[in-house]
Amino acid sequence: MSIGDEAIVITNAPEEATQGVEESSTNQLPLKGKKLSWNKLRRYDSLDIESNKFNGHHGHQAAGWSVVFQLAFQSIGVVYGDIGTSPLYVYSSTFTEGIKHNDDILGVLSLIIYTITLIPLIKYVFIVLRANDNGDGGTFALYSLICRYAKVGLTPSQQAEDGDISNFRLELANNRLKRASRVKSSLEKSRFAKYFLLFAAMLGTSMVIGDGVLTPSISVLSAVSGLQEATSSITQGYSHHSVYVPGKIVWISVAILVLLFSVQRFGTDKVGYSFAPVISIWFIMISGIGVYNFIKFDPTVIKALNPKYIIDYFQRNKKEAWISLGGVVLAITGTEAMFADLGHFSVRSIQISMCGMTYPALMLAYIGQAAFLRKNHELVSNTFYKSIPHGVYWPMFVVAVLAAIIASQAMISGAFSIIQQSLALGCFPRVKIVHTSAKYEGQVYIPEVNYLLMLACVAVTVAFRTTTKIGNAYGIAVVFVMTLTSAFLILVMIMIWKTSILLVILYILIVGSVEILYLSSVLYKFDQGGYLPLGFAAFLMVIMFIWNDVYRRKYYYELDHKVSPTKVKEIIDNGNLCRVPGLAIFYSELVHGIPPIFKHYAENVPALHSVLVFVSIKSLPISKVPMEERFLFRRVQPNDLNVFRCVVRYGYTDSQNEQEPFERILVGKLKEFIRDDILYSAAVQNVEEKNGGEEPDNESANGEYVNIEGERVNNERQIEAVEREIEVLDKAWCAGVVHLMGENEVIAGKGANIGKKVVIDYAYNFIRRNLRQQEKVFDIPHQRLLKVGMTYEL
Numbered sequence: 014m015s016i017g018d019e020a021i022v023i024t025n026a027p028e029e030a031t032q033g034v035e036e037s038s039t040n041q042l043p044l045k046g047k048k049l050s051w052n053k054l055r056r057y058d059s060l061d062i063e064s065n066k067f068n069g070h071h072g073h074q075a076a077g078w079s080v081v082f083q084l085a086f087q088s089i090g091v092v093y094g095d096i097g098t099s100p101l102y103v104y105s106s107t108f109t110e111g112i113k114h115n116d117d118i119l120g121v122l123s124l125i126i127y128t129i130t131l132i133p134l135i136k137y138v139f140i141v142l143r144a145n146d147n148g149d150g151g152t153f154a155l156y157s158l159i160c161r162y163a164k165v166g167l168t169p170s171q172q173a174e175d176g177d178i179s180n181f182r183l184e185l186a187n188n189r190l191k192r193a194s195r196v197k198s199s200l201e202k203s204r205f206a207k208y209f210l211l212f213a214a215m216l217g218t219s220m221v222i223g224d225g226v227l228t229p230s231i232s233v234l235s236a237v238s239g240l241q242e243a244t245s246s247i248t249q250g251y252s253h254h255s256v257y258v259p260g261k262i263v264w265i266s267v268a269i270l271v272l273l274f275s276v277q278r279f280g281t282d283k284v285g286y287s288f289a290p291v292i293s294i295w296f297i298m299i300s301g302i303g304v305y306n307f308i309k310f311d312p313t314v315i316k317a318l319n320p321k322y323i324i325d326y327f328q329r330n331k332k333e334a335w336i337s338l339g340g341v342v343l344a345i346t347g348t349e350a351m352f353a354d355l356g357h358f359s360v361r362s363i364q365i366s367m368c369g370m371t372y373p374a375l376m377l378a379y380i381g382q383a384a385f386l387r388k389n390h391e392l393v394s395n396t397f398y399k400s401i402p403h404g405v406y407w408p409m410f411v412v413a414v415l416a417a418i419i420a421s422q423a424m425i426s427g428a429f430s431i432i433q434q435s436l437a438l439g440c441f442p443r444v445k446i447v448h449t450s451a452k453y454e455g456q457v458y459i460p461e462v463n464y465l466l467m468l469a470c471v472a473v474t475v476a477f478r479t480t481t482k483i484g485n486a487y488g489i490a491v492v493f494v495m496t497l498t499s500a501f502l503i504l505v506m507i508m509i510w511k512t513s514i515l516l517v518i519l520y521i522l523i524v525g526s527v528e529i530l531y532l533s534s535v536l537y538k539f540d541q542g543g544y545l546p547l548g549f550a551a552f553l554m555v556i557m558f559i560w561n562d563v564y565r566r567k568y569y570y571e572l573d574h575k576v577s578p579t580k581v582k583e584i585i586d587n588g589n590l591c592r593v594p595g596l597a598i599f600y601s602e603l604v605h606g607i608p609p610i611f612k613h614y615a616e617n618v619p620a621l622h623s624v625l626v627f628v629s630i631k632s633l634p635i636s637k638v639p640m641e642e643r644f645l646f647r648r649v650q651p652n653d654l655n656v657f658r659c660v661v662r663y664g665y666t667d668s669q670n671e672q673e674p675f676e677r678i679l680v681g682k683l684k685e686f687i688r689d690d691i692l693y694s695a696a697v698q699n700v701e702e703k704n705g706g707e708e709p710d711n712e713s714a715n716g717e718y719v720n721i722e723g724e725r726v727n728n729e730r731q732i733e734a735v736e737r738e739i740e741v742l743d744k745a746w747c748a749g750v751v752h753l754m755g756e757n758e759v760i761a762g763k764g765a766n767i768g769k770k771v772v773i774d775y776a777y778n779f780i781r782r783n784l785r786q787q788e789k790v791f792d793i794p795h796q797r798l799l800k801v802g803m804t805y806e807l
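When you line the sequence shown up against my numbering, it's residues 14 to 807, in that order.
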C-alpha cells in the first residue's frame, strides 16, 4: 500500500472566488430576529442512522393551460416518433406468409385497434403516467418509488435525513394499510425479493438500451425501402456464390445511421424545434391517406371494431394467428417512451397529445391500410408505400425518412437518459455524462455509449437486412419492458397507492394476460432474430451486475473499517502530525462514518491541513435534489478540530458537474452550516435550560418557537463565534484546496471461491481500467488532486 504518486500543487484560491465567498459569509452573519421551530432545530444524532418513514407529497406543479398545450405540441416530436412510424412495417411483419383469407385482415385490424387502445391509451396514458417520480418516468422511476417506500435497496446508504428532502416524500393513502404493510414487510425481509427487484430494474434498463439499437435500424430501413418503388435498380440485396451482398437500400440506411449518431453530440435541443412540426405533418399525412384508402377501397373494414373478428381469426389460423401476434405488437413500439420521457413534459400534456393527435391518426392509418389490403392481398410485403396515392408519393417518402430519423433520435436520447439513471444508482460503470441543453433538463449525451450504439445499429442493419427479421428482435425488447413495467406498477398500486384489491386483480387479468400472451408469441421467434435483444440485455446485465456487486462489497468494506470520531481525535492529536494551512477534501462513497482512507493517509503523510472535509457523493432514488437541500454537514467533535463530514446528495437526473466550481459551492454551504450550527447549539442550550435540562418531545414542542435574540441568547457572542470560525475557513480556502481521492485496488480476499475471484480480480478490474476515472467524472482539477493508494480485500 502506498500513497499515489500524482503531484500536488497547492494554489491560492482565485481572487474573485475568495471575494465571492467572503461576500456570501458577510451577508449571512446577522442573526438578530431569527426564529426557528423546534422541529427545524432538532437533528439526528449523526450520519450513522438508517432512514425511517417519509411523509409529504410528490407530483407536478400545476401549470397554466397555455403551457400545457405548448408542452403537448412539443411532446408530439419527442415522444411519438417511434409509435408513429410503426405503420411503416406492422402489416408486412404480421402477414409474413401472405394473406390467406380476406377476413384475416379484419381480425388483424381488430387486434391492432384494441391493442393500441388497451396498452398505450388505457394502461400508459391513464394509469402508468400517474406512477411518476416527481415528474420523471421510466423503469428506474418505478424502482426508486418502491425503494423509497420500502427498504429494498441492497446498499446500506439510507439516512434518516434523506426523508427531509422535499422530493423524497411520498403521499400515502390512509386506507388499506394492512395489506400494503404486509407486502412492504415481505419485501424488506426477503433478500431474494431485493435482488429480484434490482434484477428486474436492470433487465428493463437493458431492454430500453436495446431499443436504442433496434429502433434506428428498423425505422430507417423501413423508410428508405420506399426507394424500391421509385426504381428497380435500388434493391435490398442479393446472393452471390452463397454469400449475401447488401444492396443500396442497406448502405443508404447505414449512411443515415452513421450521420444520425454523428450529430448526437450537438444535443436534441439543437434540432428539437423541427421535431414536433415534422411528426405533426407525418400524422396528418398518414391519417389523410388512411381516410382516402378507407373511402376508395373498402369502407366495410369498420366492422373490425367488433372483437368477434379476433376470435374468428384465431379459429381459422390457430397457431399461425398466435405467431402473428409478434407482428401486431410492433404497432405499440415506443409506448414506453411516453413514460420514459415524462420528465421533459407533464402528465396532462402527454394525455392531450396522445388523445388529440396520435391515437386518432394511428387508427385512421391502420384502418386505411386494411381497406387497401382487402383489394390488394399481394402487396402486403410493402403495404405502406404501395397504399400511398401516386401524387403524394415523394413528399410522403421525405416525411417518412425524417420521421424515422426523429423516432431513432428519441430512443437514442432515451437510452442515454436511462444509462444516466442507472449510473447514478451504482448500477452502471462510470462514463462521461454531457448535458447538452441548459434550457431542457434531462437531455444528455454519452460519447462512449453513442459510439457503441452506432456500431451495434450498423451491424444489425447489415446482418438482418429486412424489417421482418429486425421486427422479431424488436418485439421481444418492447414486450419485455412493458411486462416489467406492469410488475413494478402492481407493487406501486398495492403498497403506495393502496388500490382496491379488486382493481389490482382486474388489471392483472386484462392488461397482464394480454402482455403475457404477446410475450409468449415474440419468444417463439427466438431463433429468428429474437435472440438478439436477449443476448444484448444479458451482456449488459452481466456488466451492470458485476459493477453493482463489487460497488456494494466496497461499501460494506468501508463500513466495516470506518474510522471512529475518537480515533480521528487521536490521529489529529498525535504529536508526530502537524497541521498545515489549507483545506483538504477527502472523497469517499461512505455516508456512515469516516472512511479508512483517512487513517491510511495519516499513517503515510505526517501532515494534515487546517480544515478537513470528508465528502461523500451520494445518489438518491429520486430524480432531482434541490440545490438548497443537496449538502448535509456534521461536525466531528470537538469543534476545535475543524473537521467536518459532508454528504452531497444528487438525484439520478441531476448533473454532477456544476457550472460553478464544486469546491466554491462546498465552502459557501459549509459557511451556512457553521452559522446555523452555532445558532442551533445556542437554541438547544436555552431550551434545555428553560425545561430543566430536558428536551421537549416532538408533539408538545410542535409549533413552539424559539426566539434567538435578546435575553435568550447573547447575539454578539454568537456573531463573534461565527466570525471566528468563518475566518479559519477563509484562511484555509485562501491557502489552497487539495482534493484527496482513493485509488483503490480491489482484490478478492483470501479463501475466496473461484467465482468471486473471476468477478473481482478479472471482470471488475478489466471494466474499471477501461473506463473513466472518478476525478474526470466530477471534473476535479488535476493539479490539485492527490490520490491515495489502498488495497481492499473483499
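Cβ atoms here follow ideal geometry from the backbone N, Cα and C, with glycine treated the same way. Keep in mind it's a predicted model, so treat the numbers as computed, not measured.
Rounded straight-line distance, which links the Cα of residue j to that of residue i
i	j	result
T109	L515	40 Å
D573	R566	11 Å
I89	I299	15 Å
L54	Y693	Reliability of the predicted coordinates at L54 is poor, the pLDDT of 44 falling under 50, and the value obtained from them is presented with this limitation in mind. Rounded to the nearest angstrom, the two C-alpha atoms are 6 Å apart.
A154	L131	22 Å
R643	F627	15 Å
G97	G439	34 Å
V735	R688	6 Å
Q650	V656	8 Å
Closest by C-alpha distance to residue i, when choosing among the options
i	options	result
P442	N783, S235, V92, G150	N783
R662	Y104, I635, N306, R278	I635
S157	F675, Q434, F552	Q434
A761	C747, V563, L142, Q328	V563
A551	M220, V81, Q731, E758	M220
K164	D146, R204, N147	R204
Reduced DSSP secondary structure (H/G/I, E/B, other) of residue i
i	result
G381	helix
V141	helix
A85	helix
F108	coil
N711	Only weak support exists for where N711 lies, its pLDDT of 46 falling under 50; the coordinates are left without a value.
H448	strand
L13	Because the chain spans 14 through 807 in this model, residue 13 falls outside it and cannot be assessed.
L603	coil
S64	Reliability of the predicted coordinates at S64 is poor, the pLDDT of 31 falling under 50, and the value obtained from them is presented with this limitation in mind. Coil at S64, not helix or strand.
F686	helix
I459	coil
Y663	strand
R648	strand
D311	coil
F441	coil
R782	helix
A597	strand
Beta-carbon proximity of residue i to residue j, cut-off 8 Å
i	j	result
G225	M424	yes
M370	F288	no
V471	V267	yes
V462	V444	yes
P609	K575	yes
H622	L596	yes
V393	I112	yes
T579	I431	no
V447	V457	yes
S632	V660	no
Cut-off 7 Å between Cβ atoms - residues of its own chain near residue i, not counting five sequence neighbours on either side
i	result
D325	D116, G120
L124	I323, V341
I556	P442, I780
D667	K637, V638
Residues near residue i by beta carbon distance below 8 Å, same chain, minus five either side
i	result
S238	Q249, I262, N395, Y398, T480
M367	Y93, P133, L134, V138, M351
Close-in-space but distant-in-sequence residues of the same chain around residue i (CB under 6 Å, 5 per side omitted)
i	result
Y614	V801
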